[in-house]
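Visitor: Pasting a structure below so you can have a look.
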Amino acid sequence: MRKLVMFNRMSLDGFFAGPNGEIDWFINDPEVDQALHQMMQPDTLLMGRVTYELFVSFWPHVGNDPNVPEGVRQMAAELNQMTKLVFSRTLAEVTWVNTQLGHGDVVQQVEAIKEGTGADITIFGSGSIVQQLADARLIDEYLVVVTPVILGQGKPLFLDVNQLSLQLLKAKSFVSGNILLHYRQI
Amino acid sequence: MRKLVVTEWITLDGVFDADTMADWFFPYNHSDRQRSIRDTIMEADAFLLGHTTFEMLAPYWSSLQDSDQNGVAGALKHGTKYVAATKPLVGQWGEQRVLSGNLADEVIRLKQQDGKHILVMGSAALVRSLMPSGLIDEYRFLVHPVIAGQGKRFFSEDMDLVRLKLAETRMLDNAVVYQRYTAT
């Protein structure tokens, strides 16, 4: 069975994005990126439409742009390479390389993927998909980077999910003020 | 100037609902967590509470002996409880005073007095009303390993963005994470 890992940044008040999807409050830190990279080696990325649209407007265009930092270019190469599955009821097509469009029941599709062969699977952003998969108990691990910001308003990461008890694997703080929390579903 | 410290027990998703503590708080009881809670209370000699939190805590804590709960009961009883309220309080819990004037002004006055920390526990509405004043020096969260999904959240929506500085993180036994933040 393949492992599904959720990764998200979260404000102190539980939001993963501002009311209009803003992520300008993230506190980027190469040390956090490096720690995450060591913990996750996925070959497949799951997304909802909103996160896909954000990603596809940026990552495929990074290419070999010399003005983009080395770490970001490397990240772009990895994301391009990964198998990506986008869940949407409204998109007619997806244009990013190695990307498929998933229609129909999200839970059934993810169950099928987890039963197949391959490396770990990651889901990022995609609050409504995270919520469905958490309720179906399909998320094996939760990686949350807690950002030292009270956002005040936004999209709650775990909106209305059924109560879930977790096992804490790790809590690591960084000079940038981020805390990396790593939990496993019990 | 004394420090105003806010301490909160919450779930990973920020729920602090007293009605569901049997699910997210009590199962994680441990001597390490007790010590952490006790340390924060012992650093204070004044407690600033909202009306609801006071009336929720007073009946139980006022019934205990000073030595109960490792001395926490006595520290809470003998420290002055300053309660933001617009009507008389129900219950008697050692030293208590109602703050009925402008809260920020009252808090500035308290912070200028000599003493240990002034500690806020629970009291989400009070914290929310004090946040814009910049009078809160520190937040200490005990984050429990539960996604509640529903229930009362400590931070309510429609507030302004506030940046904090991470001062300390500690993994307590029993999967609780202590996070201490200071004002920037």
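In order, the protein sequence lines correspond to chains X and B.
Counting along the first sequence from 1, when you hit position 20 you're at 20 in the working numbering, and nothing is skipped either side.
All you need for the working numbering is the position in the second sequence, starting with 1, plus 1000.
The beta-carbon is built from N, C-alpha and C at its ideal position, and this holds for glycine as well.
Note that this is a predicted model, so its numbers are computed, not measured.
1. Could you tell me the boundaries of the beta strand (DSSP E) in which B/M1159 lies?
2. Roughly how many angstroms separate the alpha carbons of B/G1079 and B/I1118, rounded to a whole number?
3. Does the distance from the C-beta atom of B/T1011 to that of B/R1140 stay below 7 angstroms?
4. Kindly indicate the opening and closing residues of the beta strand (DSSP E) around X/M6.
5. Give the secondary structure of B/L1064 by DSSP, where H, G and I count as helix, E and B as strand, and everything else as coil.
6. Locate the alpha helix (DSSP H) running through B/I1118, then write down its first and last residues.
7. Quick check on X/D29: does DSSP put it in helix, strand or coil?
8. Determine the DSSP secondary structure at X/M47, reduced to helix, strand or coil.
9. Rounded to whole angstroms, what's the CA-CA distance from B/R1097 to X/R184? Just pull it up for me.
10. Would you report the Cα separation of B/L1089 and X/Q109, rounded to the nearest angstrom?
11. If you reduce the DSSP assignment to three classes, tell me which class B/E1055 lands in.
12. Is the CB of B/D1017 under 7 angstroms away from at least one CB in chain X?
13. Using beta carbons (cut-off 7 angstroms, strictly below), is X/V149 in contact with chain D?
14. If you follow the alpha helix (DSSP H) that X/A136 is part of, which residue opens it and which one closes it?
15. Can you check DSSP and say which residues form a bridge with X/P60?
16. Does B/S1067 pass the burial test, meaning 16 or more other C-beta atoms within 10 Å, or should it be called exposed?
17. Please name the residues in the region 139-163 of chain X whose beta-carbon is closer than 9 angstroms to at least one beta-carbon of chain B, in chain order.
18. Can you name, in chain order, every residue of its own chain whose Cβ lies under 7 angstroms from the Cβ of B/A1075, other than the five neighbours on each side?
19. Identify each residue in the region 114-143 of chain X for which the Cβ-Cβ distance to at least one residue of chain B is less than 9 angstroms, and report them in chain order.
20. Taking Cβ positions only, does X/I23 come closer than 7 angstroms to chain B?
21. Report the neighbours of X/S57 on chain B: residues whose CB is nearer than 8 angstroms to its CB, in chain order.
22. Should X/A77 be flagged as near chain B, meaning a C-beta pair shorter than 7 angstroms?
23. Establish whether the CB of B/D1158 and some CB of chain X are separated by less than 7 angstroms.
24. What do you get for X/T95, buried or exposed, if any count of 16 or more other CB atoms within 10 angstroms of its CB means buried?
Guide: This is what the structure gives:
1. The count along the second sequence starts at 1 and reaches residue 1159 of chain B at position 159. Careful: B/M1159 lies outside any beta strand (DSSP E) and carries neither H nor E.
2. Counting from 1 along the second sequence, the entry for residue 1079 of chain B is found at position 79. Counting from 1 along the second sequence, the entry for residue 1118 of chain B is found at position 118. The alpha-carbon atoms of B/G1079 and B/I1118 are separated by roughly 10 angstroms.
3. Numbered from 1 along the second sequence, position 11 holds the residue referred to as residue 1011 of chain B. Numbered from 1 along the second sequence, position 140 holds the residue referred to as residue 1140 of chain B. No.
4. Position 6 of the first sequence, counted from the start, is the residue given in the question as residue 6 of chain X. Per DSSP, X/M6 belongs to the beta strand (DSSP E) from L4 to S11.
5. Residue 1064 of chain B sits at position 64 when you count from the first residue of the second sequence. It is coil, neither helix nor strand.
6. The count along the second sequence starts at 1 and reaches residue 1118 of chain B at position 118. No alpha helix (DSSP H) holds B/I1118; the beta strand (DSSP E) holding it covers H1117 to M1121.
7. Residue mapping note: residue 29 of chain X aligns to position 29 of the first sequence, counting from 1. It is coil, neither helix nor strand.
8. Mapped onto the first sequence, residue 47 of chain X falls at position 47. X/M47: strand per DSSP, three-state reduction.
9. What you label residue 1097 of chain B is simply residue 97 of the second sequence in a count that begins at 1. What you label residue 184 of chain X is simply residue 184 of the first sequence in a count that begins at 1. In a straight line, the C-alpha of B/R1097 is about 45 angstroms away from that of X/R184.
10. Against the second sequence, residue 1089 of chain B aligns to sequence position 89. Against the first sequence, residue 109 of chain X aligns to sequence position 109. Roughly 56 angstroms between the two C-alpha positions.
11. Numbered from its first residue, the second sequence carries residue 1055 of chain B at position 55. Note: B/E1055 maps to helix in three-state DSSP.
12. Taking the first residue of the second sequence as 1, we reach residue 1017 of chain B at position 17. Judged by the 7 angstroms Cβ criterion, B/D1017 is not in contact with chain X.
13. Within the model displayed, chain D is absent; protein chains X and B are what it includes.
14. Along the first sequence, one-based indexing puts residue 136 of chain X at 136. Here X/A136 belongs to no alpha helix (DSSP H), and DSSP marks it neither H nor E.
15. Here the question's residue 60 of chain X lines up with position 60 in the first sequence. Bridge partners of X/P60: none, in fact.
16. Translated into positions along the second sequence, residue 1067 of chain B becomes position 67. Per the 10 Å Cβ criterion, exposed.
17. Those would be Y142, V144, V146, P148, V149, I150, L151, G152, Q153, G154, P156, L157, F158, L159, D160, V161, N162 and Q163, in chain order.
18. Residue mapping note: residue 1075 of chain B aligns to position 75 of the second sequence, counting from 1. The answer, listed in chain order, is I1041 and M1042.
19. Q131, A134, D135 and Y142
20. Counting from 1 along the first sequence, the entry for residue 23 of chain X is found at position 23. False, the Cβ-Cβ gap to chain B never drops below 7 angstroms.
21. Reading the first sequence from its first residue, position 57 is the one you call residue 57 of chain X. Neighbours of X/S57 on chain B: none; closest Cβ ~24 angstroms, over 8 angstroms.
22. Within the first sequence, residue 77 of chain X is the residue found at index 77, counting from 1. Output row for X/A77: interface = no.
23. As a working note, residue 1158 of chain B is residue 158 in the second sequence. Closer than 7 angstroms to some Cβ of chain X, the Cβ of B/D1158 qualifies, so yes.
24. Counting from one through the first sequence, the residue named residue 95 of chain X turns up at place 95. An exposed status is given to X/T95, since fewer than 16 other beta-carbon atoms sit within 10 Å of its beta-carbon.
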